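This report refers to the structure that appears directly beneath it.
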Amino acid sequence: MASINLLIAVCLTYVAFLFLVAFAAERAAARGRGNWLRSPLVYTLSLSIYCTAWTFYGAVGYAARSGMEFITIYLGPSLVMIGWWWFLRKLVRVGRTQRVTSVADLISSRYGKSNVLAIVVTIMAVLGVTPYIALQLQSVTLSLSIFSDPTGTTDGGMNLVSAGFWVALGLSLFTVLFGTRNLNANERHNGVVIAIAVEAVVKLVALLAVGIFVVWGVAGGISEMMVRIDNSDIGQWQVDSSRWTALTVLSGAAFLCLPRMFQVLVVENDDERHLHIASWAFPIYLMMMSLFVVPIAVVGLDLLPENSNPDLFVLTVPLSQGQGGLAILSFLGGFSSATSMVIVATLALSTMVSNHVVMPIWLSFQGQGATVSGDVRNVVIFARRVSILVIIALGYLYYRVSGGSGALAAIGLISFIGVAQFLPAMIGGIFWRGATRVGALTGLLVGFAIWTYTSLLPSFGADVVLSSPLLEQGPFGVEWLRPQALFGIKGIDPTVHAVLWSLLLNTSGFIFGSLVSFPKPLERLQGAQFVNVFANSGHAHGWSGSAAQSEDLMVMAQRILGGAEAQKLFRREAQIQGHDRYLPEPTPDFLQRVEREMSASVGAATAHAMISQLVGGASVSVQDLMAVADESAQMLEYSNQLEAKSSELLDTARQLRDVNAKLTQISVQKDAFLSQISHELRTPMTSIRSFSEILRDGHELKASEQTKYASIIHVEAIRLTRLLDDLLDLSVLENGQVSLNTETGSLADVIGHAVTTTQAGAIKQIKIDVSDLDTSIELHTDLDRLAQVFINLISNAQKYCKSPEPRLFIRATKTDNEVCILLTDNGLPIPMETHALIFEKFSRINDQDGSGAGLGLAICREIMIRLGGEIDYVPAARGNRFVLRLPV
Amino acid sequence: MQRLPATPVFLERRSYRQRRMMDAIRLLPLVGLLLWLMPTLWATSDGDGVEPVRMSQAIVYVFGVWVCLILCAGSLWHYLRNSSEDAIDVEFGVKTEPK
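Line by line, the protein sequences are chains A and B. Residue numbering for the first sequence follows this note's numbering, beginning at 168 and increasing consecutively. Residue numbering for the second sequence follows this note's numbering, beginning at 7 and increasing consecutively.
The structure is reproduced here in structure tokens:
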């Protein structure tokens, strides 16, 4: 008979051994020799934390009470694993690409990195898993007590409450020492995983050993065992159909949603191919774990007294047969189941609590958010350690309150229903782009409320939380609200009732909430990435602003990732960006990478908040939104480009049309001019020729007539010369062959000279008003050429101003760098359609008498350009205005 | 506008066989669920006069289904193990699946 002291010694030795294994594994991993640590076998074995003390002890008790029903707890997960292709494959890929750290992180990350969702899921997970931890405490203390009283009929000589306390304390120390050694949840807990794998082997071997002993040692073979089974109390099929179905579905759901399962399935997954292997290897493990449950239960029912606790048959059967060693092995198996579950569950939960509850609160208390000084890592680790202690303390509290009463299976199922509430938000999040934050929140809260009301609170028993009248008649006597018979539907098994209503209303709330709400841009982005994870692996949204300074980023990253890690990350990035500088540019890609790295330590929502504080801008750019809308967006983008191009084309076409019109007009003008110039040249030539013929042939001409004809020839010759001079002048100016004769003089003198020149000998006098002219303006330019411009302009005004009292005002102003001269007449304004042409060669506007060649203004413009200035035509209120600008 | 398929419409024999094995992987859990829900139709001990299913039969049935499922899943994995990951990714990622 093993004493309690011996058992405690065995336990401590076993724990020390686990420590050694974990330590060795971490050492090996640190030295890079840890490849074997990440084998498919280890992955499969680590999944075995699904099999807790509930499985180890409870399954036998369950079988002894209700026959084959216990096996549904294994069928669900087996189906989920065999159907890995449907859900797990995508879940693992999403978890790896998004660097998800927990269920809460997954859901929060999917629905726009919402911290509210993360907190809700965390609280639900803590409340849901607390009964489960209580269950482990209960099973370990019960199994200890059995050794002091092998019949299991009383509590024995042990104080169960204080034993529970010591077990809880031991477990929390174990978890703190094991689990919080490194911060980054995605660095994966090599030591823990290996320890769990070892424990998985221990519990399997222990259960198989007891089973083999029972079948071959007690019953005497398989066929004898079968006969014995058929003759026992549970020898006939007595399973309730609704429970069978509901529990199969429930266990499958819980397998996906339990925080500890998510931790080993997704977070600790190193290679997606391991999942392929585990898809058939893990069902083998589950099958072996359940293989001997019924035989042990049957033999226990046969051999042990009526009132012994069937939950402890695994221990009491060997003990009653005097197999002390086998009993201790079996005890170790149960102990392994309990410890591995508590370690991983509290690790997963503490990550959630610290990332989603403690860190956001701490950061907001710090006020400055991301820019506080000091190492955040210490805070995170401290938060995780405290969380571990608090979670285990809660489990202990539940154990005390529930009095360690209910059968193990019943407590486990309550926990399962609680965590299964995550399923709609998870599946919807991965498969349905339309799922929104509001929908997820609605579904979770509804499911959680119904679970609390129909399952958790009644589990404490009547009159503990809910009074028995309330349980019997419903609150305020409303039958429809009875906790275990909602909507007046009685006669459903309480567990099936809770599963049915909570999941049904949860899913309805989720879908309804999603349908009526509108997601934020970030939600839509994340939704697209989660749902299309296979189409675009690894393309998370980008940060658009790169206002973040690399120094700030570095400071922040160091505080969260640790100095060495952060420096490695930054240096690697700098190398990728291809420069030798120490700090890389804060490109959107890099910001995203930093956020991912940080989210592995502090959770997606917190990391996102911290980066956005540094970047200070919206994280969703227009391009991102375009990408969300996928093909339609691409088409939109394309059509936008087309639109831009077509408007550009329209613009060009319009310009071309303008140019073409101008060219046509000029060409018409040129044709007109050519005929005009030939006429111009021919008219004087004709008169010169005819008068010279008269002079040659007219011998009887009077002297006065001779003089008259000779002077006509002279005038016509001058007119020809002037025309040719103008043409020559223009061609010289246009070819840039002109040499400027720069000198300094007064503007008033130049204008005075021009006025005198034009007024002299003119038939039609224009009144020129130069009274406003500033006489102090000095110019340094080619004064003769400038005078030519004024002469042309004044003579034009003189010729074409049709006003009864023709007037021309000349004004000049001087600024720092230019002189502006305005010549305004009071004649008929030049028609709008010819504005563009007035400075062109050969253009003759308002020229009815044909005396001009249309070269004056063209020459003016050429001169002004040569002098570095410009000339413009501006229609005045009544008349025309030419504006000349000259640099000083 | 009709988009041209990125992958060929018809496959050679070997790829075709791979695709069908993947279909089998997808179907397997559904078959398992169906077989494991069969017991809900069985007569129970409080049935009306019908001889209830004996426990030993139930155990053989449930574990038999289990072994079959594991063998199927294991052999499918073995068969597809050597096919390239890319093929699987294309198959699972792209919805327009060539037949």
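Glycine included, each C-beta is placed from N, C-alpha and C at the ideal position. Keep in mind the model is a prediction, meaning the values are calculated, not measured.
Environment of residue i [buried if 16+ CB atoms lie within 10 Å]
i	result
Asp1056 of chain A	The structure shown has nothing for residue 1056 of chain A, since chain A only spans 168 to 1055.
Gln403 of chain A	buried
Phe223 of chain A	buried
Ser943 of chain A	exposed
Met526 of chain A	buried
His775 of chain A	buried
Trp203 of chain A	exposed
Ser871 of chain A	exposed
Thr909 of chain A	exposed
Asn984 of chain A	exposed
Ala820 of chain A	exposed
Ser215 of chain A	buried
Tyr22 of chain B	exposed
Asn902 of chain A	exposed
Asn959 of chain A	buried
Val1055 of chain A	exposed
Thr982 of chain A	exposed
Val209 of chain A	buried
Ala927 of chain A	exposed
Arg260 of chain A	buried
Pro591 of chain A	buried
Test: residue i CB closer than 9 Å to a CB of chain A
i	result
Ser21 of chain B	no
Arg25 of chain B	no
Tyr85 of chain B	no
Val59 of chain B	yes
Cβ distance (whole Å) where residue i is taken to contact residue j below 8 Å
i	j	result
Arg978 of chain A	Asp939 of chain A	5 Å
Ala330 of chain A	Leu311 of chain A	6 Å
Gly79 of chain B	Ile249 of chain A	A small fix is needed here, since residue 79 of chain B is Ala in this sequence, not Gly. Their Cβ separation, rounded to whole angstroms, is 5 Å, which keeps Ala79 of chain B and Ile249 of chain A in contact under 8 Å.
Leu499 of chain A	Ala362 of chain A	Between Ala362 of chain A and Leu499 of chain A the Cβ distance is about 14 Å, and since that is not below 8 Å, they are no contact.
Leu900 of chain A	Ile1030 of chain A	6 Å
Ser669 of chain A	Ile584 of chain A	6 Å
Ile578 of chain A	Leu302 of chain A	5 Å
Counterpart residues of residue i in DSSP-defined beta bridges
i	result
Thr911 of chain A	A:His947
Asp936 of chain A	A:Phe976
Pro1054 of chain A	A:Glu985
Ile1038 of chain A	A:Leu1051
Gly1046 of chain A	A:Ala1043
Gln403 of chain A	B:Arg60
Thr991 of chain A	A:Phe976, A:Arg1048
Minimum Cβ-Cβ distance from residue i to chain B less than 9 Å
i	result
Val605 of chain A	no
Ile249 of chain A	yes
Thr211 of chain A	no
Thr415 of chain A	yes
Ser206 of chain A	no
Ser418 of chain A	no
Ser408 of chain A	yes
Thr412 of chain A	yes
Gln588 of chain A	no
Trp404 of chain A	yes
His443 of chain A	yes
Val261 of chain A	no
Trp252 of chain A	yes
Val835 of chain A	no
Val461 of chain A	yes
Chain C residues whose Cβ lies nearer than 8 Å to that of residue i
i	result
Ile659 of chain A	Annotation note: the requested chain C is absent from the structure, which comprises protein chains A and B.
For the segment 447-458 of chain A, which residues have a beta carbon sitting closer than 9 Å to at least one beta carbon of chain B? Trp447, Ala448, Pro450, Ile451, Leu453, Met454, Ser457, Leu458
Beta carbons nearer than 9 Å to chain B: which residues of the segment 377-402 of chain A have them? Met392, Met393, Val394, Ile396, Asp397, Ser399, Ile401, Gly402
Taking a Cβ distance cut-off of 8 Å, strictly less, list which residues of the segment 227-247 of chain A are near chain B, in chain order. Gly234, Met235, Ile238, Leu242, Ser245, Leu246, Val247
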